[in-house]
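First the structure, in the form of structure tokens, and then the observations on it.
Residue numbers (the UniProt record's numbering): 1 to 410.
In structure tokens:
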């Protein structure tokens, strides 16, 4: 079968409603129609003989898919497990790590809200102290590294106080959508005796990954966002040196207490979920084959990045504003941020502004992009994908302009 060219025509490969213009791929992702029979096949296998499938046969399929993920990101499959989503992965690490009262965790205010809220939970329940680093984008990579280094030096110099034991680092932040120099940040914190937890929720199928080169202490990446697997499917990477720290939030019969962080004897068994539809995890192989049939990772992401750059410039021109980008052009990946021309004297609350955009974009204009406020300025995140073209960005830009003009009149 000959596939259509990337762009609007390629939307027929997915299950979108006619005339819907989807520029919010980064929030929930989607998967091609070609994977539907694969997903349904695994679900049927679970119903045809539940005991045989759930007790024995599903584990062989899951293991094969973990091996394929390992090849994709240069990781030992024994250091990988599937979880439903990035929020669950973050909870597995943060809520099972043996923090002591007073231990410090470094994080950024631009981190994903669910992860930062998990840090609040750890603070409230375990007495951990949070060390916040504020980022004001656009920033150069060197500035981010320098701010992080300064925060570490400031905290570690305090006498008779617990030190920073962990840093939570975004690879690609969500809102604003920014590629951080996570490779350099990982090396920096580790050089200071700090464990690096890297939130790579947006990375799989978006940027090249090499776990052996980056060597984070903990890492997770959704497959259902940019890699075209069904929801929810996420990879949690924990090298053997740290597997004794990590337990799932749902404890099962395989639980084992570890006195040594390098005790990895129960990691694989503990990560096997209780009764759960694991079919999305088993679709990684099909997603890899599908993406290879399109030309592979570079072809897909070259198209998406080019469209994000051009689409962002077009929307900024329509709105009369600018794109969030630094001098080195390292901010924009397949997601682009454009400033919204909301007047500073508007009386609506921030939540009302967001809800107005969401409701009108979805129900009046049949499109979607994510509005947000960063350091006092309003922006919108637009996501490029192979089923979009420049005309789609124009549609979204005109919708955003109409909504903004209407709000500015109030």
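Every residue gets a Cβ at the ideal spot worked out from N, C-alpha and C, and that includes glycine.
- Of the other Cβ atoms in all chains shown, 16 or more fall within 10 Å of the Cβ of residue 392; this residue is therefore buried.
- Between the alpha carbons of residue 218 and residue 182 lies a gap of roughly 13 Å.
- If you check the CB distance, residue 10 and residue 386 come in under 9 Å.
- Burial check for residue 62: the Cβ neighbour count within 10 Å reaches 16 or more, so the residue is buried.
- With fewer than 16 other Cβ atoms from the protein chains shown falling within 10 Å of its own Cβ, residue 269 counts as exposed.
- The C-beta separation of residue 103 from residue 131 comes to about 11 Å, leaving the pair out of contact by the 8 Å criterion.
- Around the beta-carbon of residue 20, fewer than 16 other beta-carbon atoms lie within 10 Å, marking it exposed.
- Where residue 304 is concerned, the enclosing alpha helix (DSSP H) starts and stops at 297-319.
- Per the C-alpha coordinates, the member of 106, 117, 244 and 36 positioned closest to residue 154 is 106.
- The beta carbons of residue 283 and residue 229 sit about 5 Å from each other, so the pair counts as a contact at 8 Å.
- In the DSSP assignment, residue 345 falls outside any alpha helix (DSSP H), carrying neither H nor E.
- Scanning 166, 315, 236 and 381 for the CA closest to the CA of residue 335 turns up 381.
- The segment 303-317 and the segment 242-259 do not touch, with fewer than 3 CB-CB distances between them shorter than 8 Å.
- Per DSSP, residue 38 is one residue of the alpha helix (DSSP H) stretching across 36-48.
- Residue 82 carries a strand assignment under DSSP once its states are collapsed to helix, strand and coil.
- By the Cβ-count criterion, residue 225 is buried, with 16 or more other Cβ atoms from all chains shown falling within 10 Å of its own Cβ.
- Residue 223 and residue 70 have their alpha carbons spaced roughly 13 Å apart.
- The straight-line gap separating the alpha-carbon atoms of residue 286 and residue 22 is approximately 23 Å.
- Between the alpha carbons of residue 163 and residue 64 lies a gap of roughly 40 Å.
- Separation of the CB atoms of residue 408 and residue 343 is rounded to 5 Å, and the pair is thereby assigned contact status at 8 Å.
- Beta-bridge analysis with DSSP links residue 219 to 198 and 237.
- Sequence-distant Cβ neighbours of residue 91 in its own chain, meaning closer than 6 Å and more than five residues away, are 118 and 249.
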